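Residue numbers (this note's numbering): 306 to 406. Below is one structure, written out as structure tokens, with a few remarks after it.
Structure follows, in structure tokens:
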């Protein structure tokens, strides 16, 4: 679910004061215009290409995944473009992880 910016800031401040900060990550995920659920994602540690088999609301979906270096992200996007795949959705996500007991 989505929350307002003010709710997010309150939650972030709560966790900063009451929990141990573990790490943060920034993710850029591209979903492609094809019949399969094909994605590429770049984050702080690398890049992955993955395909989720089955339909979106299936109880279980097999995933095929390839991990590679961050430097490969632009080449992968270009390669997909050359075979006719275009980014349908571009999702940017900032993650912050805390330990809270």
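A virtual CB, placed ideally from N, CA and C, is assigned to each residue, including glycine. Note that this is a predicted model, so its numbers are computed, not measured.
Legend entry - Residues near residue 349 in its chain [Cβ-Cβ closer than 7 Å; skip 5 each side]: 330, 331
Legend entry - Touching by the beta-carbon criterion (3+ pairs, under 8 Å), the stretch 333-345 and the stretch 382-398: yes
Inset, instruction - Can you tell me which of the three DSSP states residue 367 falls into? - result: Three-state DSSP puts residue 367 in coil, outside helix and strand.
Legend entry - Sheet register partners of residue 361 (DSSP bridge): DSSP output for residue 361 lists no bridge partner at all.
Inset, instruction - Would you be able to state if there are at least three C-beta pairs under 8 Å between the stretch 321-328 and the stretch 338-347? - result: no
Inset, instruction - Return the chain-ordered ranges of every alpha helix (DSSP H) run that is complete within the stretch 372-397 and spans a minimum of 4 residues. - result: 378-387
Legend entry - Supposed contact pair residue 337 and residue 375 - C-beta distance, whole angstroms, cut 8 Å: About 19 Å separates the two Cβ atoms, so there is no contact after all.
Legend entry - residue 353 vs residue 368 beta-carbon contact at 8 Å: Between residue 353 and residue 368, the gap from beta carbon to beta carbon reaches 8 Å or more.
Legend entry - Residue(s) in a DSSP beta bridge with residue 401: 329
Inset, instruction - Name the two residues that bound the continuous alpha helix (DSSP H) containing residue 323. - result: 310-323
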